[in-house]
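Numbering (our numbering), first residue to last: 21 to 207.
Every residue, glycine too, gets a C-beta built ideally from N, C-alpha and C.
Note that the structure is a prediction, hence the values are computed from the model and not measured.
Next comes the structure, spelled out in structure tokens:
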């Protein structure tokens with residue numbers, strides 16, 4: 021269920037667990053914009069075989085991308101815009117992944133937009149571990165709910181602390197985990 025109107029949803033970004041034909045088809049059926057990593061690396065390799073040297077757009081020394089436009093994908097009745105990503109590992113091995121999207125933007129912009137998802141996940145992870153909310157001390161619903169309320173209150177207090185106390189000290193960019201580990205001891 022979605023709080024509010026479905027039209028308020030922007031572009032859905034998801035990792036490869038959601039990058040299957042039936043999931044993509046469902047998003048297209050509901051007219052939802054998406055940018056999702058494809059699930060199967062072999063599919064990405066097969067897409068890459070269709071490309072010539074001139075089709076690739078370099079992102080940096082180790083990454084290049086190619087826009088295949090609309091492709092037939094397994095278990096989906098629609099053709100879907102597909103962007104293939106070639107990454108060269110430190111050992112020189114080529115690894116292929118792919119992105120499915122219905123967003124009308126340049127492939128470089130879509131590549132960077134998808135990768136912003138990792139930044140968001142790392143911020144959430146950092147905040148979660150900074151507040152030590154990875155291990156609940158109870159299995160009862162009200163106990164967990166109370167614990168989460170206190171965690172949110174702590175997070176808000178730490179945010180206020182960063183804004184009002186650390187502002188202008190050079191420490192205002194510290195994350196929650198850095199504040200809890202460097203400035204105070206939380207068991």
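Whole-Å CB distance - residue i paired with residue j, under 8 Å assumed
i, j, result
"residue 103", "residue 71", "Actually they are not in contact, since the Cβ atoms of residue 103 and residue 71 sit about 11 Å apart, beyond 8 Å."
"residue 84", "residue 77", "6 Å"
"residue 57", "residue 119", "6 Å"
"residue 55", "residue 123", "6 Å"
"residue 33", "residue 134", "6 Å"
"residue 90", "residue 100", "6 Å"
Range of the contiguous beta strand (DSSP E) that encloses residue i
i, result
"residue 102", "99-108"
"residue 83", "83-92"
"residue 114", "114-121"
Rounded straight-line distance, which links the Cα of residue j to that of residue i
i, j, result
"residue 167", "residue 203", "22 Å"
"residue 189", "residue 195", "14 Å"
"residue 182", "residue 198", "11 Å"
"residue 173", "residue 30", "28 Å"
"residue 36", "residue 81", "24 Å"
"residue 171", "residue 67", "46 Å"
"residue 218", "residue 178", "For residue 218 there is no data in the structure shown, the boundaries of the chain being 21 and 207."
"residue 21", "residue 53", "The pLDDT assigned to residue 21 is 43, lower than 50, so where the model puts this residue is not dependable; a value taken from the coordinates is nonetheless given after this. Cα to Cα, the separation comes out at about 17 Å."
"residue 187", "residue 153", "26 Å"
"residue 184", "residue 86", "46 Å"
"residue 73", "residue 180", "52 Å"
"residue 79", "residue 155", "40 Å"
"residue 107", "residue 159", "43 Å"
"residue 109", "residue 193", "31 Å"
"residue 50", "residue 39", "16 Å"
"residue 126", "residue 75", "14 Å"
"residue 88", "residue 128", "13 Å"
"residue 164", "residue 111", "46 Å"
"residue 157", "residue 201", "21 Å"
"residue 162", "residue 136", "35 Å"
"residue 151", "residue 132", "29 Å"
Residue i: first and last residue of the uninterrupted alpha helix (DSSP H) it sits in
i, result
"residue 164", "161-184"
Residue i CB to nearest heavy atom of the ligand NAP below 8 Å
i, result
"residue 190", "Summarising the ligand content, the structure contains no ligands, and the ligand NAP is consequently not present."
Would you list, in sequence order, the uninterrupted beta strand (DSSP E) runs of no fewer than 3 residues that lie entirely inside the region 35-66?
-> 54-57
Within the chosen definition, does the region 111-125 reach the region 53-64 through at least 3 CB pairs nearer than 8 Å?
-> yes
Quick check: the region 31-49 against the region 94-110, are there 3 or more CB pairs under 8 Å?
-> yes
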